[in-house]
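Numbering (this note's numbering), first residue to last: 589 to 920. Backbone N, C-alpha and C define an ideal beta-carbon position, used for all residues, glycine too. A quick note: this is a predicted structure, and the numbers were derived from the prediction, not measured.
Quick look at the structure:
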């Protein structure tokens, strides 16, 4: 059980260390999907492990043990998790929930601001809207999505590079990169060890949009590289700090130099080995989380039976029985 409780934390550290290498060395579509999926899986299992620490801490309280009919000392003997470790885990769980709430409120405000901007700009869903502010191009995933590009940037780019930049931004909307980035951000809020995945997923999704733009232009990757480089050089900050900025996806952001080098290098592979590795990682995480729950349930059942029932019960049956007994004690 102890290793199952620790496995998600170890996985989070390994993911954070491997994420930059995966984002830069692997096919961008596979890298984005695998990193985002592994971030969500790791955050879920880490949160489950922290909840189990809370359960272990509460289960050691003598009043709770008396209510549910087991010996708290025997439970502590069979689950040798230090109380200090459980308290620290509960603190991390509480902090993660607070961060997730703060992120939810900030994202809700940003999406409302993006909705207001899209309503003000008008234009067709998924279409291009030209503005006069700054030298910028970005995709807003609100009200069906809009590609917003400044007049200064459009005038500075040759026609073909302009088409490449717009194809890049449309790829962000079509492939829902905002949802993948948001999922990674939620995961990092719940598990701060995953914060290193945020720039990796952002870079990989930009590379994915670069490759999608090249594919839509007949495979002309040098053309997209020139467009990315020129947009990065011409890009200027918008006036102030717009409220919708955190949900916008801008083609000129990120590590432009690395993106240009990747576009001028060979075409990325299929990404199947990475997909297989990601699926294996998720399977191991889910197995560790399930094993921790099963072990906790079996230990509690063993303690409640006085040591006679060594097989234990399924977790659902155990929780049902414990809840029924608590209701019988509380309701005469």
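DSSP state of residue i mapped onto helix, strand, coil
i, result
"residue 790", "helix"
"residue 805", "coil"
"residue 853", "coil"
"residue 602", "helix"
"residue 728", "strand"
"residue 837", "strand"
"residue 717", "strand"
"residue 823", "coil"
"residue 858", "coil"
"residue 737", "strand"
"residue 989", "As displayed, the chain neither begins before 589 nor continues past 920, which places residue 989 out of reach and without an answer."
"residue 810", "helix"
"residue 798", "helix"
"residue 745", "coil"
"residue 774", "helix"
"residue 832", "coil"
"residue 896", "With a pLDDT of only 48 at residue 896, under 50, the local geometry of the prediction cannot be trusted, and no value is derived from it."
"residue 596", "helix"
"residue 608", "helix"
Residue i versus residue j - alpha carbon distance
i, j, result
"residue 683", "residue 741", "42 Å"
"residue 845", "residue 750", "19 Å"
"residue 783", "residue 654", "41 Å"
"residue 738", "residue 619", "30 Å"
"residue 851", "residue 809", "6 Å"
"residue 603", "residue 743", "42 Å"
"residue 623", "residue 866", "8 Å"
"residue 703", "residue 731", "6 Å"
"residue 638", "residue 872", "18 Å"
"residue 694", "residue 632", "21 Å"
"residue 687", "residue 780", "9 Å"
"residue 613", "residue 862", "11 Å"
"residue 858", "residue 615", "7 Å"
"residue 821", "residue 853", "21 Å"
"residue 597", "residue 642", "16 Å"
"residue 767", "residue 843", "21 Å"
"residue 836", "residue 661", "54 Å"
"residue 786", "residue 875", "25 Å"
"residue 599", "residue 607", "12 Å"
"residue 700", "residue 621", "27 Å"
"residue 769", "residue 788", "10 Å"
"residue 814", "residue 617", "21 Å"
"residue 819", "residue 729", "20 Å"
"residue 677", "residue 761", "38 Å"
"residue 849", "residue 855", "11 Å"
"residue 807", "residue 868", "32 Å"
"residue 689", "residue 696", "11 Å"
"residue 707", "residue 671", "54 Å"
"residue 652", "residue 715", "60 Å"
"residue 609", "residue 864", "17 Å"
7 Å CB neighbourhood of residue i in its chain, flanking five on each side removed
i, result
"residue 847", "794, 795, 798 and 816"
"residue 801", "752, 755, 756, 759 and 812"
"residue 601", "781"
"residue 804", "755"
"residue 773", "691 and 786"
"residue 680", "638"
"residue 605", "none"
Boundaries (first-last residue) of the alpha helix (DSSP H) holding residue i
i, result
"residue 687", "671-709"
"residue 636", "616-647"
"residue 764", "Here residue 764 belongs to no alpha helix (DSSP H), and DSSP marks it neither H nor E."
"residue 652", "650-656"
6 Å CB neighbourhood of residue i in its chain, flanking five on each side removed
i, result
"residue 635", "778"
"residue 705", "832"
"residue 717", "709, 711, 734 and 736"
"residue 532", "Not covered by the structure: residue 532. The range shown for the chain is 589 to 920."
"residue 650", "660"
"residue 792", "611, 616, 619 and 620"
"residue 834", "698"
Any chain C beta carbon closer than 8 Å to residue i
i, result
"residue 661", "Protein chain content of the structure displayed is limited to a single chain, and chain C is not contained in it."
Same chain, Cβ closer than 8 Å to residue i, five either side skipped, listed in chain order
i, result
"residue 771", "624, 627 and 628"
"residue 719", "709, 736, 737, 738 and 739"
"residue 860", "618"
"residue 870", "625, 626 and 629"
Check: residue i C-beta below 7 Å from any heavy atom of the ligand MG
i, result
"residue 855", "The ligand MG is not part of the structure shown, which contains no ligands of any sort."
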